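Enquirer: Residue numbers (UniProt numbering): 1 to 1129.
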Amino acid sequence: MPARTSSLAETLSVSIPKIFDQAQNTTANHQKNVVALHKIHSDAAAFTESVHNGRSIKLTGERLFEDAFIDMLCRVLVIKKGVSQAERIVKFVGAYTKYMNEQASGTKKEENDDDDDDDTTAARFVARLLKFLLNGFVAKDKTVRYRCVRILAEMVTHLGEIDEDVFMILRTALIERVHDKETHVRVQAVIALSKLCGSEDPADIGEDEPMAIDVLLDTLICDPAAEVRRAALLNIPPAPHTLPAILSRTRDTDTIMRKLVYSQVLESNCLTVDQASIGVVHPRVLSIAQRELIIRNGLGDREPAVRAAAGSLLGTWVDVAQGTTKAEDNRAVQDDIIALLKLFDLHESTIAEDALLSIFATRVDIYEHLEFKEDYWRELTPEHTFLARVFAEHTIAIKDETKLDACLPVVTHLAFQIQNAYNAYLDDIDAAAARELELTEEQFAQEEDARLDQEFIITQLLRLAVSLDYADEIGRRKMFQLVRDMISQEALPESLVARCLDVLRMLSPNERDLIRVVVEVVHELRDRDATYEEAEGDKGAAEDGETATAFGDIPSGGAPSTQGGPRKPPKEAKPLSPEEQARSDAVDLRCLSLCIGMLERVNGTFEENSTLEGILGELIVPSVKRKELALREKGLVCLGLCCLIARRMALNSFQLFLSQIQAAPEVLKLRVLQIVFDILMVHDAEFLGRGNVGGERIVEFLLHILNVEDGDKVQSLMCMGLAKLVLSGIISDERVLKSLVVAYLSPDTVDNQELRQCLSYFFPVFCYSSPTNQRRMMQIAMPLFEQLARATHELEDDQEMVTAAQIGGMFVDWTDPLKSFEVPGQKVDDNIHVDLAVDIMKLLFKDDLEKEDKKVLCQVLGRLHLPDAADDDKIRTIKLLICNLGTRRPLRDTVSKNAMSKFDAALSKKYADKLADFSEEEYRQLAALKDLFEFLDDIIPLDEGEEIEMPKTRTRKRRSQSMVTDSTATSAHEDGSPATSAASSSKQKGKGKGKEHPKRRKVSRSDDDSDGDIHDNHVTPAPTRMLPKRAASEKKQQVIHITSDEEDEEDDPLEATPVPTSHSQSRRQARYITFLLIRHSDCSCQRVCYRGRTIAAEQPSSGNTTFDSIMDSEDEDEEEEVDDILAQE
């Protein structure tokens, strides 16, 4: 027996490697080699040995074959991804597993073996192979793990029947590999696990264990690698419970991922595989929200490839809208589009219109087959009128005159269609009002839907009427009279007023005629209301200026006469009943709506259209004075529209709008703010022009509103308006730009997506559009970075904010001169990042800057763009700052040191010629660097290893000021604005007496850190102190003299002693005031440096006298003298 075993082993060691050698070269011979390998396997399985005296059998041949097979696999496991030979072997293993299980299943059927015994040659081979591969799942080598999972993914669908325990072990192992740190391993684990989803029984899964499909959905949404998400997308079966996760990938960050959702998932699964029935993602199966989500995200994508895939999907939807067959004739194509439109909500969104336009652009065959013959207009539905209107507008846009003439109806015919639709609408309203009490809730909802459909039909017909050719005078007169009669009807829905005015504007020869017609209609409506009141017995109510007032006689050619003798005093009006007052208010609201629509369509000046003066005094101004919110809102909107075309009126009424902002409710406040920004945009020279004294006050007021308002809509509108003014160059105040940056990065605006989206678009456009704008951003970058970085350390537990590194990266990106557009007449400013480097270096000298923030600034230096041609003095300034930073404010952590060294080396290498013979003494003689050396001389060097720490307040928590810029807070405080102080801006967590302060943006500087930014010539004034009285011992008094900073540039530092401050001052300022005693080498005097100012102290004659801080003197006279000096400071 040993001889036979040895002979079989030798045979297998020759034949199996030969087959694998052939399989690795090409896939064409795989089928032949699979059959040959199976024959070898069968022959080897027939070789057995008897053991235990014949009571059992040892499967020696199978064991030898499995060992030889696994030995061949081991040679593949160490080969990295991408080698074609290894991939062919993997496919060969999968093919052999499939063939072997098919043969075993066929043999079992031929023998009619109904026994559930799975102990077959194929089952034993698969079990042995699975056990081997599962051991490789936990291998340390990532290549081995990848190959094991890859082989299993190839053969998992052909495993046949496996034991339940083996299945659970395999499932658990694959779930673990789904979270492998290697991307390629996770991809193969997702593929393998997706093939097990269909075999998973929820009853067999523990309560704490996730389902395989849930793991895959989580991977689809959350995996950081796009390759893994793609694998999950393509292998997760579309189903109602998986569809939300799949549709969420239409907003994936990966372009290919978004494209695959449309092309490989949605379009491929509209119908079943055999094309016989609708699929799980058929448009009729999806909900309206899902359909609109798909179209909105697809057609609105920024990548053309994704938009093309979405357009292709829409073409497929048209083909299958009515079923599973594609339409051939013209009538059927039209019916398919109508069927598709029925799947959308035509009333609320523009998604259906975007979808139609995409279909017309991508499916030319559909566009060519559409026809609108006479029978098309006999039965009007929302879908029919919508299709006709969009098709007409599309043909006008592409200038297809032939198609346009064929689709548009005759003017007179369309006028009668509109008339019939409107009359039917009025009849339905009267019928519904007559039997309102008889209707059930369901019937009432159906009636309401029917009325909305009728309104929509009339709207589409009126929009279609705008596109008609009114060369036919008869048709033009018919349409004009129809539309005029419609706007004279009180029953006309509010949504149709604007559409009627659009048609009137088309039919009117000029703006004056349009205004005349609208004014006449308003006159008729108010006269009709007055006649109704007289019929009720209230004859004097029509003359009340605060209620519905009839117009005076207005000639058709000009303004009403305001001269010609004294006017009679109006009669006293009787108070109106509630019903009459409601009717009067309804008429005024309709008249105001007509005025708003008219003024929105007028481009001439107010003086050119004197007819407007009548409605201004009789309708608009009284409405502004009304207490009813609806009337006052429409009145203010009308007045604002008048101000846009009347400069003098805007100047006189602007204060009225500002006064409405503070006290008005949010709805009215939003409208008034829109009016204010529109007026500033139109009349910018009158309000915000150069030399205008009121312009600065307007800016301060707007910033005050931005800081005190906590409503998301108001904040977003304020930022949008200010951004427009800044982008257009109307406002150049840096306080506004600072406030916008603060609002963008504030933790309190995290949930205000409208504000964030607006500003995320504004800042790149503003900075890249002009080098001047980039320099403005650079000038505020470091002061804002200091303020915002400090705020990141003061966040509360429930607040979120971007990191200091991200803030620094934003400023670097916004000020990058390489991204600036070339503007004619403006030269690209290449020195912006050079100046930014100077500001960063100066900020690094600050004592109170956090170590992490210094690390960020050092890393930011390496990202700056240093041009080839830079100003010599600026390069020398940066080099001097780097050298002095190492001696005066050395960096403590390794990361910062390495980043600074790297930047210093790059600077020295790039500008070696400019920095040749670098000498600080020679640079001191340059007048251009005088301010720099004054700044450096004011820096107090630290002793070796000494760290200056900020004092901590005792017994009180730190309170932070609001995230408003210093300039904004100062200006607002001077004007008495209550919301820019630290107390008013901090969040109120408890309720107490006094004013309730709104929620404020909390990116702030603390009360402890109120120091201003360091400038080259900055001198900080000395605060007034009240020193404590202490028992003083007899001590010889020093004489203090004021000396200049220019003396003795090379003095030696002795010591720096912090000045003890009172408790109230530590809360108010919280900083050390240090005094440096510097001994001059040639004279017996000392200098005391106090915040950049120098105080000289005459020494006693004794040479061994030890000097301490002068604030530690116990002599009361000396303390008083010091107080006098500090007061002089």
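All residues carry an ideal CB built from backbone N, CA and C; glycine is no exception. This one's a predicted model, so the numbers in the text were calculated from it and none came from an experiment.
1. Would you report the Cα separation of P224 and A245, rounded to the nearest angstrom?
2. Classify S56 as helix, strand or coil using the three-state DSSP reduction.
3. Taking its Cβ as the centre, do 16 or more other Cβ atoms sit within 10 Å of N707, making it buried, or is it exposed?
4. Using 8 Å as the threshold, is the stretch 889-902 in touch with the stretch 842-857, meaning 3 or more CB pairs across them?
5. Mind the definition here: the stretch 358-373 touches the stretch 432-442 only if three or more C-beta pairs lie below 8 Å; say whether that holds.
6. Which of helix, strand or coil does DSSP assign to L426?
7. Quick one: give me the first and last residue of the alpha helix (DSSP H) that E786 is part of.
8. Among residues of its own chain, excluding the 5 on either side of D830, which ones have a beta-carbon nearer than 6 Å to its beta-carbon?
9. Please look up how many angstroms separate the CB atoms of F785 and F766, rounded, as I've assumed it's under 8 Å.
10. If you scan the stretch 856-909 from start to end, which runs of the alpha helix (DSSP H) of 4 or more residues do you find wholly inside it?
11. If you follow the beta strand (DSSP E) that E49 is part of, which residue opens it and which one closes it?
12. What do you get for F344, buried or exposed, if any count of 16 or more other CB atoms within 10 angstroms of its CB means buried?
13. Given this structure, state the Cα-to-Cα distance separating S13 from A310, to the nearest angstrom.
14. When we look at the beta-carbon of L773 and count the other beta-carbons within 10 Å, is it buried (16 or more) or exposed?
15. When the distance is taken between beta carbons, is E182 closer than 9 Å to K131?
16. Which stretch, first to last residue, makes up the alpha helix (DSSP H) that contains S716?
17. Please name the residue in L651, D335, S716 whose C-alpha comes closest to that of A685.
18. Please list the terminal residues of the continuous alpha helix (DSSP H) segment that includes D453.
19. Go through its chain and collect everything with a Cβ distance to K634's Cβ below 6 Å, but skip five positions before and after it.
20. Can you pull the DSSP bridge partners for I278?
21. State the Cα-Cα distance for the pair V860 and A232, rounded to the nearest angstrom.
22. Here's a check: name, in chain order, each residue in its chain whose Cβ is nearer than 7 Å to the Cβ of K851, leaving out the five neighbours to either side.
23. List the endpoints of the continuous alpha helix (DSSP H) containing E494.
24. Give the DSSP-derived three-state secondary structure of Q322 in the structure shown.
25. Mind checking whether V519 and L612 have CB atoms under 9 Å apart?
26. How would you write the range of the alpha helix (DSSP H) that Q660 sits in, first residue to last?
27. Report the residue ranges of all alpha helix (DSSP H) runs contained in full by the stretch 795-821; include only those spanning at least 4 residues, in chain order.
28. Output needed for E62: all residues of its chain with C-beta closer than 6 Å, excluding positions within five of it in sequence on either side, in chain order.
29. For A498, which residues of its own chain have a beta-carbon under 7 Å away from its beta-carbon, when the five flanking residues on both sides are left out?
30. Taking buried to mean at least 16 other C-beta atoms within 10 Å of its own C-beta, is D163 buried or exposed?
31. Under three-state DSSP, which class holds residue 1130?
32. Are the CB atoms of P771 and V828 nearer to each other than 9 Å?
33. Would you kindly report the start and end of the unbroken alpha helix (DSSP H) that includes M155?
34. Less than 9 Å between the beta carbons of F391 and L414, yes or no?
35. Could you check which residue in L64, N752, R776 has the C-alpha nearest to that of F763?
36. Helix, strand or coil, according to DSSP, for Q489 in the structure here?
Expert: If we stick to the structure as given:
1. Here residue 224 refers to the residue found at position 224 of the sequence shown. Here residue 245 refers to the residue found at position 245 of the sequence shown. Cα-Cα distance, rounded: 16 Å.
2. Residue numbering aside, residue 56 sits at position 56 when the sequence shown is read from its first letter. Three-state result, S56: strand.
3. On the sequence shown, position 707 is the one that residue 707 refers to. Looking at its Cβ environment, which holds 16 or more other Cβ atoms inside 10 Å, N707 is buried.
4. The stretch 889-902 makes contact with the stretch 842-857; the number of CB pairs closer than 8 Å reaches 3 or more.
5. They do not touch, by the three-pair rule.
6. Within the sequence shown, the letter at position 426 stands for residue 426. In the structure shown, L426 sits in a helix (DSSP, three-state: H, G or I).
7. Taking the first residue of the sequence shown as position 1, residue 786 is located at position 786. For E786, the enclosing alpha helix (DSSP H) covers residues 771-792.
8. Walking along the sequence shown from the start, residue 830 turns up at place 830. Excluding positions up to five away in sequence, the list reads P817, P867.
9. Indexing the sequence shown from 1 puts residue 785 at position 785. Indexing the sequence shown from 1 puts residue 766 at position 766. Not confirmed; about 18 Å, so no contact.
10. Within the stretch 856-909, the complete alpha helix (DSSP H) runs of at least 4 residues are 872-888.
11. Counted from its first residue, the sequence shown places residue 49 at position 49. Element bounds for E49: 49-51.
12. What you label residue 344 is simply residue 344 of the sequence shown in a count that begins at 1. Buried is the call here.
13. Working through the sequence shown from its first residue, we reach residue 13 at position 13. Working through the sequence shown from its first residue, we reach residue 310 at position 310. Looking at the two C-alpha atoms, the distance is approximately 56 Å.
14. Stepping through the sequence shown from its first residue, residue 773 is reached at position 773. One point to set straight first is that residue 773 is Asn, not Leu, in the sequence displayed. Counting of Cβ neighbours within 10 angstroms places N773 among the buried residues, the total reaching 16 or more.
15. If you number the sequence shown from 1, residue 131 lands on position 131. If you number the sequence shown from 1, residue 182 lands on position 182. Their beta carbons are not under 9 Å apart, which means K131 does not touch E182 by this criterion.
16. Within the sequence shown, numbered from 1, the residue matching residue 716 stands at position 716. In this chain, the alpha helix (DSSP H) harbouring S716 covers 712-727.
17. On the sequence shown, residue 685 is found 685 positions in, with the first residue counted as 1. Out of L651, D335, S716, L651 has the C-alpha closest to the C-alpha of A685.
18. Stepping through the sequence shown from its first residue, residue 453 is reached at position 453. According to the DSSP assignment, D453 belongs to the alpha helix (DSSP H) that extends over 441-466.
19. The sequence position of residue 634 within the sequence shown is 634, counting from 1. Contacts found: L592.
20. Within the sequence shown, the letter at position 278 stands for residue 278. Answer is L271, bridged to I278.
21. Here the question's residue 860 lines up with position 860 in the sequence shown. Here the question's residue 232 lines up with position 232 in the sequence shown. Spanning the two alpha carbons is a distance of roughly 38 Å.
22. Here the question's residue 851 lines up with position 851 in the sequence shown. Cβ within range, chain order: R892, D893.
23. Within the sequence shown, the letter at position 494 stands for residue 494. Start and end: 494-507.
24. Stepping through the sequence shown from its first residue, residue 322 is reached at position 322. In this structure, Q322 counts as coil in the three-state DSSP scheme.
25. What you label residue 519 is simply residue 519 of the sequence shown in a count that begins at 1. What you label residue 612 is simply residue 612 of the sequence shown in a count that begins at 1. Taking the C-beta atoms as reference points, L612 is found nearer than 9 Å to V519.
26. Translated into the one-based positions of the sequence shown, residue 660 becomes position 660. Q660 -> alpha helix (DSSP H) spans 647-663.
27. Every alpha helix (DSSP H) of 4 residues or more that sits fully in the stretch 795-821 is shown, in chain order, as 804-814.
28. The residue you call residue 62 lines up with position 62 of the sequence shown. Answer for E62: A45, listed in chain order.
29. Here the question's residue 498 lines up with position 498 in the sequence shown. Closer than 7 Å at Cβ, skipping near neighbours: G597.
30. The residue labelled residue 163 in the question sits at position 163 within the sequence shown. Around the beta-carbon of D163, fewer than 16 other beta-carbon atoms lie within 10 Å, marking it exposed.
31. Here the chain comprises residues numbered 1 to 1129, so residue 1130 is not present and cannot be evaluated.
32. Residue numbering aside, residue 771 sits at position 771 when the sequence shown is read from its first letter. Residue numbering aside, residue 828 sits at position 828 when the sequence shown is read from its first letter. Against a cut-off of 9 Å, the Cβ pair of V828 and P771 comes out as a contact.
33. In the sequence shown, counting from the first residue as 1, residue 155 sits at position 155. DSSP places M155 in the uninterrupted alpha helix (DSSP H) bounded by 142-155.
34. The residue given as residue 391 occupies position 391 in the sequence shown. The residue given as residue 414 occupies position 414 in the sequence shown. Cβ distance not < 9 Å, so F391 and L414 don't count as in contact.
35. Position 763 of the sequence shown, counted from the first residue, corresponds to residue 763. Ranked by Cα distance from F763, the options L64, N752, R776 are led by R776.
36. Taking the first residue of the sequence shown as position 1, residue 489 is located at position 489. Under the three-state reduction of DSSP, Q489 is assigned to coil, being neither helix nor strand.
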